[in-house]
Amino acid sequence: MMDALQQFSAHYNYYITIFLMISGLFIVIARGNLIKKLIGLSLFQTSVYLLYLTPAKIVGGTAPIYDKNFTVYANPLPHVLMLTAIVVGVATLALGLALVVRIKEAYGTVEEDEIFTKDPESE
Amino acid sequence: MTEAPNAETFVISLLLTLLAGITLAIIRQRNMFGVVILSGIYSFLMASIMIALDAVDVAMTEASVGAGISTVILLATLYLTGSMEYPQRRSVIIPLCLSLAVGAILIWGTSGLPKFGVADAPIHKHVGPTYIQYSKDHKMPPNMVTAVLADFRGYDTLGETAVVFTAGIGVLLLLQGGWRVSSAGRKRDDEDDENEPSARSASDAANGGTSAGGTSA
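Protein chains in written order, with the working numbering: chain A, 1 to 123; chain B, 1001 to 1217.
In structure tokens form, the structure reads like this:
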């Protein structure tokens, strides 16, 4: 029992990360609104930040900025990778939203089901 | 008690639990304006967690880009498309089962991962200590994230710039492209005229995102 509890608290960050991931997946599949789909996609992306930053942390350490009073630092490499990922994430979100605006102009709706019924090629 | 978490771990767990609550609210909320505001709250909470995880540079970027620019472009899109989410028409059973199955597989995969926050995890044995040692020897600037980004992983930023540039061109073409002329004849003219300046502002927001990203990275 104690072992299971210890295991659970030691991996709690990963469990939340996985919860965010499958929430994003669920929104992308289950919701028909295209804007909400994109928010689900960015939820999934954000969970990846957590997946990378969690193992970089050392409890009792400090941020990776050198100071002679500290000896233990978090690993800087995942931070660098996630800096890139955040900016790429917002770029893809902007492109997706621009596509949604175009779809709204062409079809008059952002609901996926209505777009399918209005699409002449699907008939 | 050996498994009693220290204050740092406790704060991180608390913030993560709040984040999970916000995520549930995002799933359940049907008003799109509410969803956008909740995603802004989500990003700020994520930035707080990043500070607690000692990733201060990432936290700054997430707070400015994730919570700022993303929320602005989402609101601009809501203005252009209308803010109601329609009632659910499709079944949620298959997506729920699929998500839970994926989640179960991933949780099974975490059983082999090292514990949170321990110093002897494999990730801290490879290049990480080298970077820290370089900083200690004053071969790199004191901020290791800046140093690694500029000195060791410059090609990442080059690729990132290429992605942001491509996305910026895509947004500009989509919102002010040539086929707007052909669609304007077919669609209601008044709505297109109304959309024109706000479409510009949306693309301006996207461009702001690229420049903010460039400075923060």
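Where a beta carbon is used, it is the ideal one built from N, C-alpha and C, also for glycine.
- The alpha-carbon separation between B:Phe1033 and B:Leu1045 amounts to approximately 19 Å.
- When Cβ-Cβ separations below 8 Å define contact, A:Pro120 makes no contact with chain B.
- Taking A:Gly61 as the centre and dropping the five residues before and after it, the same chain places the C-beta of Val72, Tyr73, Ala74 closer than 7 Å to its C-beta, in chain order.
- In terms of beta-carbon proximity, B:Gly1128 lines the interface with chain A, with at least one pair separated by less than 8 Å.
- Straight-line measurement puts the Cα of A:Asn69 at about 44 Å from the Cα of B:Gly1168.
- One finds Ser9, Tyr12, Asn13, Ile16 in chain A with Cβ atoms closer than 9 Å to the Cβ of B:Ser1013, taken in chain order.
- Listed in chain order, the alpha helix (DSSP H) runs fully inside the segment 1071-1159 of chain B are 1093-1110, 1127-1136, 1144-1147, counting runs of at least 4 residues.
- Interface with chain A (8 Å Cβ-Cβ cutoff): B:Asp1151 is excluded.
- Checking the DSSP bridge columns, you'll see B:Ile1037 has no partner listed.
- Taking C-beta atoms as the reference points, A:Tyr49 and A:Met82 count as a pair closer than 8 Å.
- A buried status is given to A:Ala30, since no fewer than 16 other beta-carbon atoms sit within 10 Å of its beta-carbon.
- Pairing B:Glu1062 with B:Ala1047 gives a Cβ-Cβ distance under 8 Å.
- For A:Glu112, the uninterrupted alpha helix (DSSP H) run begins and ends at 112-118, by DSSP.
- Collapsing the DSSP output to three states places A:Tyr107 in a helix.
- Taking the Cα positions, A:Lys118 is about 7 Å away from A:Tyr107.
- Contact with chain A is found for B:Thr1081, since one of that chain's Cβ atoms lies less than 8 Å from the residue's Cβ.
- Looking only at A:Tyr12, A:Asp67, A:Asn33, A:Gly40, the smallest Cα-Cα distance to B:Ser1099 is reached by A:Gly40.
- Of the residues A:Leu77, A:Arg102, A:Phe26, the one whose Cα lies closest to the Cα of B:Gly1103 is A:Phe26.
- Beta-bridge partners of B:Asn1031 (DSSP): B:Met1084.
- Counting along the chain, A:Thr62 sits inside no alpha helix (DSSP H), nor does DSSP assign it H or E at all.
- The residue among A:Ile58, A:Thr46, A:Gly24 with its C-alpha nearest the C-alpha of A:Lys37 is A:Gly24.
- For B:Thr1157, the neighbours in chain A by C-beta distance under 8 Å run, in chain order, Thr84.
- Under a criterion of Cβ atoms nearer than 9 Å, no residue of chain B is adjacent to A:Ile115; the nearest Cβ is some 12 Å distant.
- Using a Cβ-Cβ distance cut-off of 8 Å, the segment 1160-1174 of chain B and the segment 97-111 of chain A are in contact, since at least three pairs of beta carbons, one from each stretch, lie closer than that value.
- Under the three-state reduction of DSSP, B:Asn1006 is assigned to coil, being neither helix nor strand.
- In this structure, the CA atom of A:Asp113 is about 7 Å from the CA atom of A:Gly32.
- For A:Met21, the enclosing alpha helix (DSSP H) stretches over residues 12-30.
- Distances from the CA of B:Ala1007 to each of B:Ala1059, B:Leu1053, B:Ile1132, B:Gly1021 were compared; the closest alpha carbon is that of B:Leu1053.
- Residues of the segment 1029-1051 of chain B with a C-beta atom less than 8 Å from some C-beta of chain A are Met1032, Val1035, Val1036, Ser1039, Tyr1042, Ser1043, Met1046, Ile1049, Met1050, listed in chain order.
- A Cβ-Cβ separation of about 4 Å places B:Lys1115 in contact with A:Ala10 under the 8 Å criterion.
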